[in-house]
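Chains as they are written, first to last, in our numbering: chain A, 2 to 351; chain B, 2 to 351.
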DNA sequence: AATACTATGTGTAACGTATTACCAGTTCAC
DNA sequence: GTGAACTGGTAATACGTTACACATAGTATT
């Protein structure tokens, strides 16, 4: 374990001089001194101890990222893009799976704080952010990702999200436009801000055009306690089985995200329903799997890459400027991607 | 930002006493002292600085995890399980996406090392581990996951993997057993130990039973430079299009992992081929999506949960015992999961 | 009454780096 | 030839925590 002292001894200079070399203050010394130090560094395979450095400087170039579950390709992909972007800014990312549980989120936040991390990207997460108050007060900068910021802006340094409500309305409008009148809704437990908004959007649009949303067709993660996103597809499959065996089944279903939609596709086929002839399915997120499903999934797209770049840039700016940034709360426009899982309802059954 | 000194001052005791409280040495002090210190801690919202702690102790309860890509559900799910398991041992996990690039892996390893992390789980990764030598020499404990350990055991503290070769042979035997004689192989670039072993296994089994493996039917990630796993499904789709438009197309394809297989399913359907009637597709890994595909995917299962538990336990043990652990190199048995994407070849075309 | 022991705390030196103040030469203008 | 400015470098201290040796007082034992 070579330390800066060993390097100094070997090069015959003081530790401060070595420190100057490491930190690029080359102007402060003679050329031969510089060379001797550099030689010593490489022969000893010396790497500065980031821990000691941080303790001294109080700085650490690491961001926290709290997501519901990297097992869900949407978040897996988001994590990857965010990490890449952070790396481009010279930051590392510590990824945490919080499973949408407030206590787990709070525990991670405290742990990140105690590691010196002062910037965190919070993905999805529950409606109330009370559990984060303590850390926020102590100076943790929090950036929200994929959630609305109603009433919690004082806790947040910035936020990036799509307009969930209008996304859900686009989906609803698409289905209604095709002629559907019996529309189902499939989701896991409605605990996060984004899920609430999506359901609200669906409700609002259907109300506006005068289509009833039958409570019987709302499937909200029954028996799903403790299930993570890796089970989302399975839940979607169970859901569609229950909905399609009702006396008056839906002709179309809106799924809270693409994973549920993928499960719904699978379940519908098992029951002998053809998609989209007998049943239309629409998802949300546009994960990369949506286009390779059969049939390819109609869905609402989130501009993931742009959102990730923005959230990283904003958060780092907030960290540098001590919170004073322009335009901290951004809502992007989602987009309807029509593929082949939606069509007009089957007249025989309608 | 309250430190231990502030707590000590407020409670009217020395920093040592506060340290004792924090570290659970409650027997060393009077009851009222304990209470006063605890009060001070909570009113000041004091959280011990993990960095300073680590500097002192040289210990950090964090593991590094280097994976090809969390966007691939196999690795996303693995990351999640590993993280959960590590947490149960009181460790955090720092997840890094290395995209199968040796330089990126080396950079992450150095960065992890300088953060005081001394235990890393290395997922998949290139054949040669020369790029990791430097860190390994300095005392980094490396656990290999999902790769063979031929000739690199001195670099590794432990390893957990399935027997890739026998997994691939099981797949080949299954296809041959169904009567297939023209078998294709779809993969991205063959750069990692696990991919090499899978191809070797396929070759060995086919040679054994006297079925030719036509080079024309080997699709190895053409034009795939820089593509990550989120594109694997798309690559699978391109691959199947190329293979099925040959003069003498395959009747079955073996895909390097389930993501490619999912893409192959999609591509085959687009071309009008039915799976499994016209084409059999077999994958590898058994990600949770395999069973909700249509048709559900026949695949080779890796016992992910068990493997994850083992690798975490072994690595932590290696860290604690300074490398001396029993049975460090474990190969688990993969299992053939027969679903509905494989069947006997269509006699019309055979 | 002297000794030993227990319970309860305290003081301080690390840990490895960055920063600050400082010092010894050299050069140079006047 | 004298002091200011500059160059190349040193030494001391701080960062927040822990570990360990030591201090103090009260109580029990001989």
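Note that the Cβ used here is the ideal one computed from N, Cα and C, for glycine as well. Since this is a predicted model, take the numbers as computed values, not measurements.
111, 112, 114, 115, 116, 117: these are the residues of the stretch 111-130 of chain B whose beta carbon lies less than 7 Å from some beta carbon of chain A, given in chain order. Using a CB distance below 7 Å, the part of the stretch 38-62 of chain B facing chain A consists of 46, 48, 49, 50, 51, 52, 53, 55, 56, ordered along the chain.
For residue 270 of chain A, the residues of chain B that pass the 8 Å Cβ criterion are 295, in the order they occur in the chain. Cβ atoms of residue 121 of chain A and residue 64 of chain A come within 8 Å of each other, at about 7 Å. The C-beta of residue 187 of chain A comes no closer than 8 Å to any C-beta of chain B. In this structure, DSSP gives residue 261 of chain A a helical state, which the three-state scheme calls helix. For the pair of segments examined, the stretch 319-338 of chain B was found to touch the stretch 126-145 of chain B: the number of CB pairs separated by less than 8 Å reaches three. Apart from sequence neighbours up to five positions away, the residues of its chain that approach residue 324 of chain A with a beta-carbon distance below 8 Å are 142, 158, ordered along the chain.
Here the stretch 46-61 of chain A does not lie against the stretch 206-223 of chain A, with fewer than 3 beta-carbon pairs under 8 Å apart. Residue pairing by DSSP places residue 186 of chain B opposite B/219, B/255 in a beta bridge. Residue 64 of chain B is bridged by DSSP to B/94. Residue environment for residue 58 of chain B: exposed (fewer than 16 other C-beta atoms within 10 angstroms of its C-beta). A Cβ-Cβ separation of about 4 Å places residue 77 of chain B in contact with residue 71 of chain A under the 8 Å criterion. Ranked by how close their Cα comes to the Cα of residue 237 of chain A, the residues A/170, A/160, A/128, A/270 have A/270 in first place. Cβ atoms of residue 80 of chain A and residue 66 of chain A come within 8 Å of each other, at about 6 Å. Within 7 Å of the CB of residue 24 of chain A, no CB atom of chain B is found; the nearest one sits about 15 Å away.
DSSP places residue 136 of chain B inside the alpha helix (DSSP H), whose first and last residues are 134-138. In this structure, DSSP gives residue 57 of chain A a helical state, which the three-state scheme calls helix. Under DSSP, residue 161 of chain A forms a beta bridge with A/146, A/331.
Using a 10 angstroms sphere on the CB of residue 154 of chain A, the tally of other CB atoms stays under 16, which defines it as exposed. Any Cβ of chain A closer than 8 Å to the Cβ of residue 244 of chain B would place that residue at the interface, and such an atom is absent.
One thing to note: residue 139 of chain B has its Cβ within 8 Å of the Cβ of residue 46 of chain A. Inter-residue distance for residue 264 of chain A and residue 239 of chain A is about 8 Å (C-alpha atoms, whole angstroms). Sequence-ordered contacts of the stretch 88-102 of chain A with chain B read 93, 95, 96, 98 [C-beta pairs closer than 7 Å].
Taking 9 Å as the upper bound on Cβ-Cβ separation, chain B lies near no residue of the stretch 158-190 of chain A.
With respect to residue 83 of chain A, residue 334 of chain A sits apart: the two C-beta atoms are not nearer than 8 Å. Judged by their CB atoms, residue 342 of chain A and residue 304 of chain A are not nearer to each other than the 8 Å cut-off. The beta-bridge partner set that DSSP reports for residue 301 of chain B consists of B/337.
Taken through DSSP and simplified to helix, strand or coil, residue 123 of chain B comes out as strand. DSSP places residue 75 of chain A within a helical segment (H, G or I) once states are collapsed to three. For residue 81 of chain B, the nearest CB of chain A lies under 8 Å from its own CB, placing it at the interface with that chain. Taking the beta carbon of residue 74 of chain B as reference, the chain A residues within 8 Å of it are 72, 74, 77, 231, listed in sequence order. Distance from the Cα of residue 250 of chain B is smallest, within the candidate group B/184, B/177, B/125, B/337, for B/184. Excluding five sequence positions before and after residue 307 of chain A, the CB atoms of its chain that fall closer than 8 Å to its own CB belong to 333, given in chain order.
Listed as beta-bridge partners of residue 286 of chain A by DSSP are A/302. By the CB criterion at 8 Å, residue 284 of chain A and residue 298 of chain A fall inside the cutoff.
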